[in-house]
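Numbering (UniProt numbering), first residue to last: 1 to 290.
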């Protein structure tokens with residue numbers, strides 16, 4: 001594989017706009033032999049035009065315009081870019097990841113179907129029932145929220161995909177170098193395009209870091225959540241307030257509504273989970289984005 005082919009493959013993988021720009025200049029070169037800015041100014045930006053020259057895709061033709069440095073290599077790269085790439089998806093999502101995703105579906109049924117909720121609650125009672133029998137319920141929720149926060153942080157740290165993160169970091173490094181060169185030549189349009197690419201790259205990196213661990217987090221967290229729901233259903237009428245919250249004040253039952261349809265026990269679990277989850281991520285230095 002030639003250097004031009006590798007360059008075009010890299011550019012095409014960065015954005016569909018770059019791929020389209022390369023196809024445009026290739027078509028013009030095939031028709032006219034040379035390409036000038038006037039031939040393509042309506043179809044591509046000046047920043048992209050400068051990038052193609054900078055990367056060596058377009059080569060100066062003694063002042064009469066530009067030619068494609070390696071037309072065959074460019075065509076080969078564009079043909080490869082058009083082929084669907086399933087290997088990356090297969091390598092990042094194993095059969096176990098997909099099984100975890102499928103397992104989430106029946107667990108979700110437990111939210112609205114009491115027999116499923118009771119079945120999950122009975123199974124979860126085996127390892128955790130001693131807490132419900134010997135600890136105040138607010139403390140039980142705190143412990144379970146801490147456990148879910150701990151394994152969520154560990155799963156994100158181990159399943160986020162070091163290869164994906166490394167690839168994104170390399171791309172961000174390249175974008176910084178391109179931005180530096182664009183500043184040096186005073187190309188404001190290219191700077192805007194690079195800034196947009198940087199934002200898109202950061203968003204993509206954050207999304208990738210979240211996606212693969214999510215099924216595992218949910219397949220472990222939903223049973224905990226259903227068990228707490230199950231425990232609340234087993235409680236009788238309390239003798240006094242079960243909790244006191246700022247602004248809301250005393251609440252008489254864990255099943256009481258605190259804000260709209262949000263029940264007290266769920267609100268307390270959410271607060272504990274968010275708080276302890278953030279603390280654990282900081283303590284374990286878990287990176288969840290770019």
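For glycine and all other residues, C-beta sits at the position ideal for the given N, C-alpha and C.
For the pair residue 117 and residue 218, the Cα-to-Cα distance works out to about 15 Å. Rounded to the nearest whole angstrom, the CA to CA distance from residue 180 to residue 36 is 26 Å. Secondary structure at residue 44: coil, using DSSP grouped into helix, strand and coil. Per the DSSP secondary-structure output, residue 257 pairs in a beta bridge with 263. In the DSSP assignment, the residues bridged to residue 58 are 68. Between residue 190 and residue 38, the gap from beta carbon to beta carbon reaches 8 Å or more. The region 133-141 makes contact with the region 261-273; the number of CB pairs closer than 8 Å reaches 3 or more.
Remark: C-beta atoms of residue 40 and residue 65 do not approach each other more closely than 8 Å.
In terms of CA proximity to residue 123, 227 leads the group 276, 227, 3, 242. The beta-bridge partner set that DSSP reports for residue 249 consists of 245. In this structure, the CA atom of residue 225 is about 15 Å from the CA atom of residue 103. Relative to residue 100, the option among 177, 216, 229, 285 whose CA is nearest is 216.
Listed as beta-bridge partners of residue 35 by DSSP are 66.
Here residue 252 is exposed, its C-beta having fewer than 16 other C-beta atoms within 10 Å. Residue environment analysis places residue 171 among the buried positions, since at least 16 neighbouring C-beta atoms fall within 10 angstroms of its C-beta.
For residue 135, there is no enclosing alpha helix (DSSP H), as DSSP gives it neither H nor E.
Where residue 94 is concerned, there is no enclosing alpha helix (DSSP H), because DSSP gives it neither an H nor an E.
For residue 158, the secondary structure class from DSSP, reduced to helix, strand or coil, is helix.
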